[in-house]
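Following my numbering, the numbering of the sequence shown begins with 16 at its first residue and continues without gaps.
Since the structure comes first, as structure tokens, the remarks are kept for the end.
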Amino acid sequence: MRLFWLAITCLWLGGSVNAAEPAADDWQHLLQRAQGQTVYWNAWGGDERINAYIAWVGEQVAERYGIQLEHVKISDAASVVTRVLAEKTAGRDDDGSVDLIWINGENFATMKRNGLLYGPWAEQLPNYRWVDVAGKPTVT
16 MRLFWLAITC LWLGGSVNAA EPAADDWQHL LQRAQGQTVY WNAWGGDERI NAYIAWVGEQ
76 VAERYGIQLE HVKISDAASV VTRVLAEKTA GRDDDGSVDL IWINGENFAT MKRNGLLYGP
136 WAEQLPNYRW VDVAGKPTVT
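Rendered as structure tokens:
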């Protein structure tokens, strides 16, 4: 199931920050549109275990959803966040250079502060009904 969420996250983040919202009520249509697409995942490339995990995820999303996942090996996530911010500042709202990025808390906060994250979207996922959000202010 975690793989499914990753695939959908890749797809939804793979658009631009201001991309038109996909029709969450037509899930099968969304999955059909994803087939044959390539998602470029910017993630640190300095750890063999992480690289192996990303390669495994790539195999899984290719097999299950027909999505090609390319690991863009980076050494500094902050520089990728800076690139996304520069693109937004320049008015590049479509076809940005970053589809998906693996970030830590500090870089997440920077992206959130600058309006670079797409969302909310988790509530629209078919299995969100199974998420326990009661008493958890981070998800409400």
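Cβ coordinates follow ideal geometry from the N, Cα and C atoms, glycine included.
Complete runs of the alpha helix (DSSP H) confined to the stretch 59–137 [at least 4 residues]
Counting only runs of 4+ residues, the alpha helix (DSSP H) found wholly inside the stretch 59–137 occupies 63–80, 92–104 and 120–128, in chain order.
Straight-line CA distance for G29 to I116?
In this prediction, G29 scores a pLDDT of 45, lower than 50, which makes its location untrustworthy; the coordinate-derived value is nonetheless stated afterwards. A direct Cα-to-Cα measurement between G29 and I116 gives close to 10 Å.
Between V95 and the rest of its own chain, which residues show a CB-CB distance below 7 Å, the 5 nearest in sequence each way excluded?
For V95, the CB contacts under 7 Å within the same chain, skipping 5 residues up- and downstream, are N57, I89, V113 and I116 in chain order.
What is the rounded straight-line gap between the Cα of D109 and the Cα of L131?
Cα to Cα, the separation comes out at about 13 Å.
Taking all protein chains shown into account, decide if E102 is buried (16 or more other Cβ within 10 angstroms of its Cβ) or exposed.
The Cβ neighbour count for E102, taken over all protein chains shown within 10 Å, is at least 16; the residue is labelled buried.
Closest by CA to T53, which one among Q43, N66, G73 and A67?
Closest by alpha carbon: G73.
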